[in-house]
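So the sequence shown is numbered by this note's numbering: it starts at 89 and just counts up by one. What follows is a set of notes on a single structure, which appears directly below.
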Amino acid sequence: MSINYSERIPNNVNLAGDRTLQRALEHWQPKFLDWWREMGPHDFASADVYLRTAIGVDAQGWASYGAVKMPDYRWGIFLADPIPDRTIGFGDNYGQPAWQQVPGELRSQFRRIIVTQGDTEPASVEQQHLLGHTCPSLYDLRNLFQVNVEEGRHLWAMVYLLHAYFGRDGREEAEELLARHSGDADKPRILSTFNEPVQDWLSFFMFTYFTDRDGKYQLKALAESGFDPLARSCRFMLTEEAHHMFVGETGVGRVVKRALEVMKELGTEDPPAIRAHGAIDLPTIQRYLNFWFTSSLDLFGSEVSSNAATTFATGIKGRPDESQYEDHVCRDATYALETPNGVETVALRNAMNEVMRTSYVKDCEIGVKRWNMQIQRAGYDLRLSLPSPRFRRGMGAWAGMPVDPQGNVIDRAEYDRRCGEWLPSEADRAFVRSLMQRVAEPGKMAGWIAPPDRGINNLPVDYEYVRLN
Ligand code: BYC
Numbered sequence: 089m090s091i092n093y094s095e096r097i098p099n100n101v102n103l104a105g106d107r108t109l110q111r112a113l114e115h116w117q118p119k120f121l122d123w124w125r126e127m128g129p130h131d132f133a134s135a136d137v138y139l140r141t142a143i144g145v146d147a148q149g150w151a152s153y154g155a156v157k158m159p160d161y162r163w164g165i166f167l168a169d170p171i172p173d174r175t176i177g178f179g180d181n182y183g184q185p186a187w188q189q190v191p192g193e194l195r196s197q198f199r200r201i202i203v204t205q206g207d208t209e210p211a212s213v214e215q216q217h218l219l220g221h222t223c224p225s226l227y228d229l230r231n232l233f234q235v236n237v238e239e240g241r242h243l244w245a246m247v248y249l250l251h252a253y254f255g256r257d258g259r260e261e262a263e264e265l266l267a268r269h270s271g272d273a274d275k276p277r278i279l280s281t282f283n284e285p286v287q288d289w290l291s292f293f294m295f296t297y298f299t300d301r302d303g304k305y306q307l308k309a310l311a312e313s314g315f316d317p318l319a320r321s322c323r324f325m326l327t328e329e330a331h332h333m334f335v336g337e338t339g340v341g342r343v344v345k346r347a348l349e350v351m352k353e354l355g356t357e358d359p360p361a362i363r364a365h366g367a368i369d370l371p372t373i374q375r376y377l378n379f380w381f382t383s384s385l386d387l388f389g390s391e392v393s394s395n396a397a398t399t400f401a402t403g404i405k406g407r408p409d410e411s412q413y414e415d416h417v418c419r420d421a422t423y424a425l426e427t428p429n430g431v432e433t434v435a436l437r438n439a440m441n442e443v444m445r446t447s448y449v450k451d452c453e454i455g456v457k458r459w460n461m462q463i464q465r466a467g468y469d470l471r472l473s474l475p476s477p478r479f480r481r482g483m484g485a486w487a488g489m490p491v492d493p494q495g496n497v498i499d500r501a502e503y504d505r506r507c508g509e510w511l512p513s514e515a516d517r518a519f520v521r522s523l524m525q526r527v528a529e530p531g532k533m534a535g536w537i538a539p540p541d542r543g544i545n546n547l548p549v550d551y552e553y554v555r556l557n
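Take a look at the structure:
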């Protein structure tokens, strides 16, 4: 079904065919816009931003590009095309027809998962609220705003499901999605990472590399769901998500590149010297990486989880790329889990969070390898690395354990003492913040980041991606 753009809410779900639902969503729309004005990108409402907007859901030509003022962005509801005769691909209902409605007995679990997914989207926009003021270039500013409007659209995707399939409860949850706020003492966002401040662009790039990648894995798992409208929503969200991780991977890569340039120029690897030259030294980049990677690992939940077992068994949430596995039912399969008490054998269904986390870690390694290739090519021995998934965990079996980045349990006093080596210190953060000065001339870059290899949608790097009216 094509997308109807003449309606107040662009959609390919035939909203006009369900007046009650349409009215309910049109009632939510101004509240969303109020939230956007207050909590979205601060101060850029009148800027013309070169944005891509979804205009279809097929793989080719799904988006159009053009200058848009963000409050006028057409946030819409788009589901990927249905797969004819789709069946449930995992769990106890394996092979049964996919559900077009939520089965009554699974209602509260589906709602909880959709709300959790939905909550992260506006949370990330709130975390990035002030970043526009310190953009390193107009190219980066545009990418920030692209990510922000698409997170807003992903919120719409979840709000549609809540309104369309969960009645009054769903409408109440949709209101709550705008009432909780990132870092709020009384009404914080649901998941830990989404309450962490993102006050500088190095954090933003780490966030889009590591935390948006959790998004990729969770969305892939929900794209397998037996509830077909959820699966189709998530399939289309994944199309948009790829750009967010591109922003992260290339962003960190450009910060590394700039550090290497300065190292060459000065003939030293000495962090204070590199900093004095206005670039971010590699050990500081490693500490930021450690922080955001470990925080994002917690987003997968506990290693052993009865919630995970239930959502898999019932057909609510599969594994990312379920088709790669042979056994889709996993009734008797087991998983060998490394815990602080040694290896424990647990039912595979209970270990689904860990299965997902393990695939996520592998995916995270790809970018780290690319960053290291740059360092190697520049002739330096230092390598960036992912810390052990046991390090600095806040959820699960390793939560709160004094573990070093290599994964060894160490003395707590030593752990406390050495945290400053492994994680950004207040001084690191203050230094990185001191570099965050707005650069807003077309083609100009801040001194701590290298220019991108190419511009957006075949435009040159020095195109005026944001016109600050
Ligand atoms: N912080 O059984 P457990 C994205 C809660 S990112 C705080 O171990 P379960 C995006 C958990 O909710 C993707 N609480 O875990 C990225 C549960 O609470 P209740 C977001 C946490 O349930 C960037 C309790 O602890 N999508 O899209 O198997 C920008 C016990 O949990 C945390 C999803 O997460 C935490 N880190 O799995 C924009 C998908 N971890 O219910 C967007 C939907 C766990 O007992 N969510 N808890 O009160 C889920 O599938 C699951 O809820 C989780 C947790 C994977 C998060």
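In this text, a Cβ means the ideal position worked out from N, Cα and C, and glycines have one as well. These numbers were taken from a predicted model, which means no experiment stands behind them.
**Request:** Alpha carbon to alpha carbon, how far is A135 from L556? Give it in angstroms, no decimals.
**Result:** In the sequence shown, counting from the first residue as 1, residue 556 sits at position 468. In the sequence shown, counting from the first residue as 1, residue 135 sits at position 47. If you take the alpha carbons of L556 and A135, they lie about 5 Å apart.
**Item:** Bridge partners - E261, DSSP secondary structure assignment
**Value:** Numbered from 1 along the sequence shown, position 173 holds the residue referred to as residue 261. DSSP output for E261 lists no bridge partner at all.
**Prompt:** Looking only at DSSP bridge pairs, what is F315 linked to?
**Reply:** Within the sequence shown, residue 315 is the residue found at index 227, counting from 1. In the DSSP output, where bridge partners are listed per residue, F315 has W187.
**Message:** Comparing C-alpha positions only, which one of Q525, R542, D541 sits nearest to G535?
**Reply:** Your numbering for residue 535 matches position 447 in the sequence shown. When each option's Cα is compared against that of G535, the closest is Q525.
**Secondary structure of L279, DSSP reduced to three states** = Stepping through the sequence shown from its first residue, residue 279 is reached at position 191. Coil.
**Request:** Would you check whether the ligand BYC has a heavy atom nearer than 7 Å to the C-beta of N395?
**Result:** Stepping through the sequence shown from its first residue, residue 395 is reached at position 307. It does: the Cβ of N395 is within 7 Å (strictly closer) of some heavy atom of the ligand BYC.
**Prompt:** In the DSSP assignment, what are the bridge partners of L139?
**Reply:** Residue 139 sits at position 51 when you count from the first residue of the sequence shown. L139 pairs with G154.
**Message:** Which residue marks the beginning of the alpha helix (DSSP H) containing A401, and which one marks its end?
**Reply:** The sequence position of residue 401 within the sequence shown is 313, counting from 1. 394-402 is the extent of the alpha helix (DSSP H) around A401.
**Request:** Compute every distance between the C-beta of Q110 and the non-hydrogen atoms of the ligand BYC, then say whether any falls below 7 Å.
**Result:** Along the sequence shown, read from residue 1 onward, the residue named residue 110 stands at position 22. The answer is no for Q110.
**Prompt:** In the structure shown, what three-state DSSP assignment does N496 receive?
**Reply:** Position 408 of the sequence shown holds residue 496. N496: coil per DSSP, three-state reduction.
**Message:** Tell me the residue span of the beta strand (DSSP E) that contains V431.
**Reply:** Counting from 1 along the sequence shown, the entry for residue 431 is found at position 343. Run containing V431: 430-435, per the beta strand (DSSP E) assignment.
**Asked** Should R96 be listed as close to the ligand BYC, given that the test is whether its C-beta is under 7 Å from any heavy atom?
**Response** Along the sequence shown, read from residue 1 onward, the residue named residue 96 stands at position 8. Checking every heavy atom of the ligand BYC against the Cβ of R96, none is found closer than 7 Å.
**Prompt:** Does DSSP put E426 in a helix, in a strand, or in coil?
**Reply:** Within the sequence shown, residue 426 is the residue found at index 338, counting from 1. Looking at E426 - three-state DSSP - the assignment turns out to be strand.
**Asked** Helix, strand or coil: which one does DSSP assign to I202?
**Response** Translated into positions along the sequence shown, residue 202 becomes position 114. It is helical.
**Message:** Between which residues of its own chain and A485 is the CB-CB distance below 8 Å, once the five residues before and five after are set aside?
**Reply:** Position 397 of the sequence shown, counting from 1, holds the residue named residue 485. Here the set comprises S390, E391, V392, L425, T427, P428.
**Asked** By how many angstroms is the C-alpha of K304 removed from the C-alpha of R96?
**Response** Taking the sequence shown and counting its residues from 1, one reaches residue 96 at position 8. Taking the sequence shown and counting its residues from 1, one reaches residue 304 at position 216. Straight across, the Cα-Cα distance linking R96 with K304 is about 29 Å.
**Where the alpha helix (DSSP H) containing A364 begins and where it ends** = Counting from one through the sequence shown, the residue named residue 364 turns up at place 276. From DSSP, the alpha helix (DSSP H) with A364 extends over 359-364.
**Message:** Residues in the same chain with beta-carbon distance under 6 Å from G403, minus the five sequence neighbours each way, listed in chain order, please.
**Reply:** Numbered from 1 along the sequence shown, position 315 holds the residue referred to as residue 403. Taken in chain order, the residues that qualify are I176, G179, N181, G314.
**Item:** When K275, P317, F293 are compared against V247, the one with the closest alpha-carbon
**Value:** Position 159 of the sequence shown holds residue 247. Out of K275, P317, F293, P317 has the C-alpha closest to the C-alpha of V247.
**Prompt:** Taking 7 Å as the cut-off, does the CB of Q216 come closer than this to any heavy atom belonging to the ligand BYC?
**Reply:** Position 128 of the sequence shown, counted from the first residue, corresponds to residue 216. Q216: no, Cβ never under 7 Å from the ligand BYC.
**Request:** Could you tell me if V497 is buried or exposed, where buried requires 16 or more neighbouring beta carbons within 10 angstroms of its beta carbon?
**Result:** Within the sequence shown, residue 497 is the residue found at index 409, counting from 1. Exposed, by the Cβ-count rule.
**Message:** In the DSSP assignment, the alpha helix (DSSP H) including L103 goes from what residue to what residue?
**Reply:** Against the sequence shown, residue 103 aligns to sequence position 15. Neither: L103 is in no alpha helix (DSSP H) and is coded neither H nor E.
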